Amino acid sequence: MDIDITTSRASCHCGAVRFSVTLTDGLRTARRCNCSYCRMRGAVAVSAQLDGIVVEQGEDMLSVYQFNTGSAKHYFCSKCGIYTFHQRRSNPGQYGVNVACLEGISPFDFAEVPVLDGVNHPADGVPSAGPAGFLRYVPA
1 MDIDITTSRA SCHCGAVRFS VTLTDGLRTA RRCNCSYCRM RGAVAVSAQL
51 DGIVVEQGED MLSVYQFNTG SAKHYFCSKC GIYTFHQRRS NPGQYGVNVA
101 CLEGISPFDF AEVPVLDGVN HPADGVPSAG PAGFLRYVPA
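With the UniProt record's numbering applied, the sequence shown covers 1 to 140.
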C-alpha cells in the first residue's frame, strides 16, 4: 500500500457513482470516528479538500444524510447504499473519503487507524474524553 498516493479513482460498490479524488496528505489522514452514525458505518476515511473530488458519473445517484446539527453531509449511492464521502463537521472545508471506494485500497490494509472522538465533538462545547484529545489511537 502506497501511503503517499495523491490521486485516485473511486467508485461505489455497484459503479453507479464514480469519482476522482486528490488527497490532502495521501493515506496518512486515515481515521475512523466514534459518533453514533460513523460507529454504525465503520468506515475508514481519508481527507480531501472540497475541490479535491470530481464526480465523473452518477452525481444524480448520490443521496445525502444529515443528522443532529446537520453540519456534516454524508453522501452515499442511492442504488447500492455505499457511503462514498462526507463533508466534515470538524472541518467543513474538507471531505472525508471512504478508503474502500478508492481503487486498490482496502480498510483492512491499515495496521492502526486513529479514532476521532465524535461523541465529544469540540463544536458541541463538551470537553473531549481522554488525554489524547480529539484523536486517539486504537489497535486495528
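Idealized CB from N, CA, C, for every residue including glycine.
Please read these numbers as outputs of a predicted model, since none were measured by experiment.
In the DSSP assignment, the residues bridged to Asp25 are Leu27. With a cutoff of 8 Å on beta-carbon distance, Ala45 and Val21 are scored as not near each other.
Taking the C-beta atoms as reference points, Cys12 is found nearer than 8 Å to Thr84. In terms of Cβ geometry, Ala16 and Cys77 form a close pair [threshold 8 Å]. Around the CB of Ala30, 16 or more other CB atoms lie within 10 Å, so the residue is classed as buried. Taken in chain order, the unbroken stretches of beta strand (DSSP E) that lie wholly in the UniProt domain "CENP-V/GFA" (8-124) and span 3 residues or more are 18-22, 45-49, 53-57, 62-65, 73-77, 83-87, 94-98 and 112-116.
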